[in-house]
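Under this note's numbering, think of the first position of the sequence shown as 13, with each following residue one higher.
C-beta atoms are modelled at their ideal positions from N, C-alpha and C, and glycine is treated no differently.
Report on one structure; see the data block that follows.
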Amino acid sequence: DQDNDHYLLVAEGWQGYRRVYRTLAHVALSEGCLHVYEDGTIEGVAERLHAAGVPRENIVCEWTILPVASKSSGGG
């Protein structure tokens with residue numbers, strides 16, 4: 013979406029008879045920073061942006077890793 017500076021990298025195709033469609037990366041440009049909302053790549057979008065010359069302070073990772081509930085904590 014060039015009007016709002018949001019960009020997606022998607023995987024689309026077929027695995028056998030099953031259709032595959034998933035978002036690999038979602039990056040937005042805002043106030044001079046690149047905001048990484050989703051990163052399902054092996055190499056890492058933030059690392060590739062930095063390797064391409066984007067300063068680390070201009071790359072913001074916007075996701076939160078949620079804790080996994082364990083049986084001992086009563087969560088599963």
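Segment limits, alpha helix (DSSP H) that includes residue i
i	result
E59	57-63
Residues sharing a beta bridge with residue i, DSSP
i	result
V39	Y19, V48
R34	A23
For residue i, three-class secondary structure by DSSP
i	result
E24	strand
G88	Caution is warranted here: a pLDDT of 49 is assigned to G88, below 50, making its placement in the model unreliable, and the coordinate value is therefore given only provisionally. Three-state result, G88: coil.
Span of the beta strand (DSSP E) around residue i
i	result
V72	71-73
Are the segment 61-77 and the segment 17-37 in contact at 8 Å, needing three or more beta carbon pairs? no
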